[in-house]
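Participant: Got a structure for you, written out below as structure tokens; questions coming shortly.
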Amino acid sequence: MGRSARMGCLAALLATLAGCGEPVGPTVVLDSARDTGPPSILLVTIDTLRADHVSAYGYERETTPHLDALAAGGARFETAYSVSSTTLPSHATLFTSRYPDEHGVTKNGVALPADVPTLAERLSAAGWETAAFVSSFVVERRFGLARGFEHYDDDFAGADHSSALRSWQGYELDAPYDRRGAETTDRTLAWLAARKDDRPFFLWVHYFDPHSPYDPPAPHRGAFLETEDRTSPRHAIDLYDGDIHYADAELGRLLEATAAHAPLTLVTSDHGEGLWDHGWLEHGVFLYEEMVRVPWVVHWPRAIPAGRSIPGLAAHVDLAPTLAGLLGQPLLADPRGRDHSAALRGGSAAAPDRAVHLQRRHFDPMRRGHLRVAGSKHAVREGDWKLILSPGEQGFELYDLSRDPGEQDNLAGLRPDVVERLNQRLDGWQRSQRVHTAAPAAPDEDAQQRLRALGYVD
Ligand SMILES: [Zn+2]
2 MGRSARMGCL
12 AALLATLAGC
22 GEPVGPTVVL
32 DSARDTGPPS
42 ILLVTIDTLR
52 ADHVSAYGYE
62 RETTPHLDAL
72 AAGGARFETA
82 YSVSSTTLPS
92 HATLFTSRYP
102 DEHGVTKNGV
112 ALPADVPTLA
122 ERLSAAGWET
132 AAFVSSFVVE
142 RRFGLARGFE
152 HYDDDFAGAD
162 HSSALRSWQG
172 YELDAPYDRR
182 GAETTDRTLA
192 WLAARKDDRP
202 FFLWVHYFDP
212 HSPYDPPAPH
222 RGAFLETEDR
232 TSPRHAIDLY
242 DGDIHYADAE
252 LGRLLEATAA
262 HAPLTLVTSD
272 HGEGLWDHGW
282 LEHGVFLYEE
292 MVRVPWVVHW
302 PRAIPAGRSI
312 PGLAAHVDLA
322 PTLAGLLGQP
332 LLADPRGRDH
342 SAALRGGSAA
352 APDRAVHLQR
362 RHFDPMRRGH
372 LRVAGSKHAV
382 REGDWKLILS
392 PGEQGFELYD
402 LSRDPGEQDN
412 LAGLRPDVVE
422 RLNQRLDGWQ
432 RSQRVHTAAP
442 AAPDEDAQQR
452 LRALGYVD
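Residue numbers (the working numbering): 2 to 459.
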């Protein structure tokens, strides 16, 4: 069904609550869509979506009209971080409110340990019907995020896909590595149309399209393409923006189909994307802003006034406690993040002393073909300052993000006082971490394969 036909169908649905030639959902107002009681919850993660390429976050191109409209009708966090710059650790943080060392998934390809409670488990136990539709092998059920979901759709066999990967992180793939957003949306909508459950739902939909290779389908491919010169950095950026535009269109279809349930909707990304800001394409190497700043929009007219823009710092460890605050019931015990529900409801924002911590594995030396894991890279942001600590010679980097948002001017040598203060804060945070020691061993890693899989480009 084309967009205009879908819009016509939506109008007809709103006007008459009648069908449009195929299943379109309820003919009465669902219990979960009423003004009281547990709401349905929709969590959407758009993989690899850096915040500053989202038009709701000020990007000059209109890449995300549907996400923009959602933000206009709800709230957006002005400065949100993904905690890590890698897919599985970041999603594991979203679902556990723990940092990677504590949930045990410090890299892709290892499973979330079975003893770490998840949001889906808790919502399922509390009476929500749980379902997930994902779009990449990276979050396939074997890696543990399926725990707590009654229905987990990660079947990519025969899927329209963009990646040519046939092996990844030591795993041989018997199906495509990914699938395009349209198929994920179609399968989600089919599940919604067929469900007869009286419970509210917790639905997680994961789109992978902005992830490399940048290969948006028509008409999104041409949405921002200004050059066909494949050697031009502009070419990759234009196609990346086209992929975002495509994922946003799929988000639009999903929002339209779920609207009758009046869900509490959260949309974010698992990490950003380097576009040669620091000499590298793609993600997973650094903790610079382009790789860890993500959009985070929350929409729930029942409790959140339209057009809220929440200042201060937010991070993915905050998602579960914020959701718990909005629902008015505890979900995960001892969350590591903050509850922003009061700010979302119209109150004051988070305390200004809030710091956000970031971590990922460190590669050294970072030259093509010579990636070697060498400990962890950590960072802390407090106010406008950001300190990055890398093992080895790289040492400290200190940036004043108010003056230098692109992190080009390392002030570590000029401001040893700030370095010392933030390093103490980082050190205290690291010592407070209860490192999960039961993480399973990773499959044998081959540096070249990992390099290809992550798609690093010098
Ligand atoms: Zn990702």
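Idealized CB from N, CA, C, for every residue including glycine.
Fair warning: this is a prediction, and the values are worked out from it, not measured in the lab.
What is the rounded straight-line gap between the Cα of Thr-185 and the Cα of Ala-76?
Facilitator: Taking the straight line joining both Cα atoms gives about 26 Å.
Participant: Suppose only complete runs of 4+ residues qualify. What are the alpha helix (DSSP H) ranges in the region 54-123, listed by chain order?
Facilitator: Fully enclosed alpha helix (DSSP H) runs of 4 or longer: 66-73, 88-97 and 101-104.
Participant: Out of curiosity, what's the CA-to-CA distance linking Leu-427 and Ala-160?
Facilitator: When rounded, the distance between both Cα atoms is 44 Å.
Participant: Any heavy atom of ligand 1 closer than 8 Å to the Cβ of Ser-136?
Facilitator: Ser-136 Cβ: outside cutoff for every heavy atom of ligand 1.
Participant: Can you tell me the Cβ-Cβ gap for Gly-275 and His-262, rounded? I've got them flagged as a contact below 8 Å.
Facilitator: Gly-275 to His-262, Cβ: 37 Å. No contact.
Participant: Which residue or residues does DSSP assign as beta-bridge partners of His-1?
Facilitator: Nothing can be reported for residue 1, as the shown portion of the chain is limited to 2 through 459.
Participant: Does Gln-170 pass the burial test, meaning 16 or more other C-beta atoms within 10 Å, or should it be called exposed?
Facilitator: Answer is buried; the Cβ neighbour count reaches 16.
Participant: DSSP three-state label for Pro-27, please.
Facilitator: Residue confidence for Pro-27 is low, a pLDDT of 38 falling below 50, so the modelled location carries little weight and cannot support an answer.
Participant: Any chance the region 141-149 sits against the region 100-116, with 3 or more Cβ pairs inside 8 Å?
Facilitator: The region 141-149 vs the region 100-116: in contact.
Participant: Could you tell me if Trp-277 is buried or exposed, where buried requires 16 or more neighbouring beta carbons within 10 angstroms of its beta carbon?
Facilitator: Exposed, because fewer than 16 other Cβ atoms sit within 10 Å of the Cβ of Trp-277.
Participant: Spatial neighbours of Val-55 within its chain, please: CB distance less than 6 Å, with the 5 preceding and 5 following residues excluded, ordered by chain position.
Facilitator: Hits under 6 Å: Thr-65 and Pro-296.
Participant: Taking all protein chains shown into account, do 16 or more other C-beta atoms lie within 10 angstroms of the C-beta of Arg-181, making it buried, or fewer, making it exposed?
Facilitator: Result: buried.
Participant: Is there contact here, the region 353-364 with the region 378-398, by at least three beta-carbon pairs under 8 Å?
Facilitator: They touch, by the three-pair rule.
Participant: Do Leu-124 and Leu-255 have their beta-carbon atoms positioned less than 9 Å apart in this structure?
Facilitator: No; because the gap between Cβ atoms is not below 9 Å, this pair is not in contact.
Participant: Does at least one heavy atom of ligand 1 sit under 8 Å from the Cβ of Val-139?
Facilitator: Yes; taking the cut-off as 8 Å, the Cβ of Val-139 has a heavy atom of ligand 1 nearer than that.
Participant: Hey, quick one: how far does the alpha helix (DSSP H) through Glu-290 stretch, first residue to last?
Facilitator: Start and end: 290-293.
Participant: Taking just the CA atoms, how far does Ala-126 sit from Leu-327?
Facilitator: Going by the C-alpha atoms only, they are around 18 Å apart.
Participant: Does Thr-228 pass the burial test, meaning 16 or more other C-beta atoms within 10 Å, or should it be called exposed?
Facilitator: Answer is exposed; the Cβ neighbour count stays below 16.
Participant: Would you mind working out which of Arg-422, Asp-156, Trp-386 and Phe-397 sits nearest Asp-405, comparing C-alpha positions?
Facilitator: The option with the nearest alpha carbon to Asp-405 is Trp-386.
Participant: Going by the CB atoms, is the gap between Ser-98 and Asp-319 shorter than 9 Å?
Facilitator: Contact flag set, yes.
Participant: Would you give the residue range spanned by the beta strand (DSSP E) that Gln-395 belongs to?
Facilitator: Per DSSP, Gln-395 belongs to no beta strand (DSSP E) and is neither H nor E.
Participant: Taking 8 Å as the cut-off, is the beta-carbon of Thr-49 closer than that to any non-hydrogen atom of ligand 1?
Facilitator: Because some heavy atom of ligand 1 lies under 8 Å away, the Cβ of Thr-49 counts as near it: yes.
Participant: Determine the burial state of Glu-251: buried for a count of at least 16 other Cβ atoms within 10 Å of its Cβ, exposed for fewer.
Facilitator: Label assigned to Glu-251: buried.
Participant: By the DSSP assignment, the beta strand (DSSP E) with Ser-310 in it spans what residues?
Facilitator: Its beta strand (DSSP E) spans residues 309-316.
Participant: Do Glu-103 and Asp-198 have their CB atoms nearer than 9 Å?
Facilitator: Not in contact: Glu-103 and Asp-198 (Cβ atoms no closer than 9 Å).
Participant: Flag Thr-87 as yes when its Cβ comes closer than 8 Å to any non-hydrogen atom of ligand 1, and as no otherwise.
Facilitator: Indeed, a heavy atom of ligand 1 lies less than 8 Å from the Cβ.
Participant: Where do the ends of the beta strand (DSSP E) carrying Trp-281 lie?
Facilitator: Segment: none, Trp-281 is in no beta strand (DSSP E) and carries neither H nor E.
Participant: Only counting the same chain, and skipping five residues up and downstream in sequence, which positions put a Cβ closer than 6 Å to that of Ala-325?
Facilitator: Counting only Cβ-Cβ distances below 6 Å, and skipping sequence neighbours, we find Pro-331 and Leu-332.
Participant: Please confirm whether Trp-301 and Leu-44 have their CB atoms less than 9 Å apart.
Facilitator: Their beta carbons are not under 9 Å apart, which means Trp-301 does not touch Leu-44 by this criterion.
Participant: For Met-292 and Glu-383, what's the separation of their Cα atoms in angstroms?
Facilitator: Distance between the alpha carbons of Met-292 and Glu-383: 18 Å.
Participant: Please tell me whether, using a cut-off of 8 Å, the distance from the CB of Asp-271 to the nearest non-hydrogen atom of ligand 1 is below it.
Facilitator: Result yes, Cβ under 8 Å from ligand 1.
Participant: Opposite Ser-377 in the DSSP bridges: which residues?
Facilitator: Paired residues: Arg-362.
Participant: Please report the distance separating the alpha-carbon of Arg-222 from that of Asp-410.
Facilitator: Spanning the two alpha carbons is a distance of roughly 35 Å.
Participant: If contacts are defined as beta-carbon pairs under 8 Å, then Ser-164 and Tyr-153 qualify, I think. What distance do you get, rounded to the angstrom?
Facilitator: With 8 Å as the limit, Ser-164 and Tyr-153 do not qualify as a contact, their Cβ atoms being about 20 Å apart.
Participant: If you count every other CB in all the chains shown that lies within 10 Å of the CB of Thr-232, and 16 or more means buried, which is it?
Facilitator: Exposed: under 16 other Cβ atoms inside 10 Å.
Participant: Go ahead and pull the three-state DSSP assignment for Gly-22.
Facilitator: For Gly-22, the predicted structure reports a pLDDT of 32, less than 50, and the residue's modelled location is therefore unreliable. The matter cannot be settled from this model.
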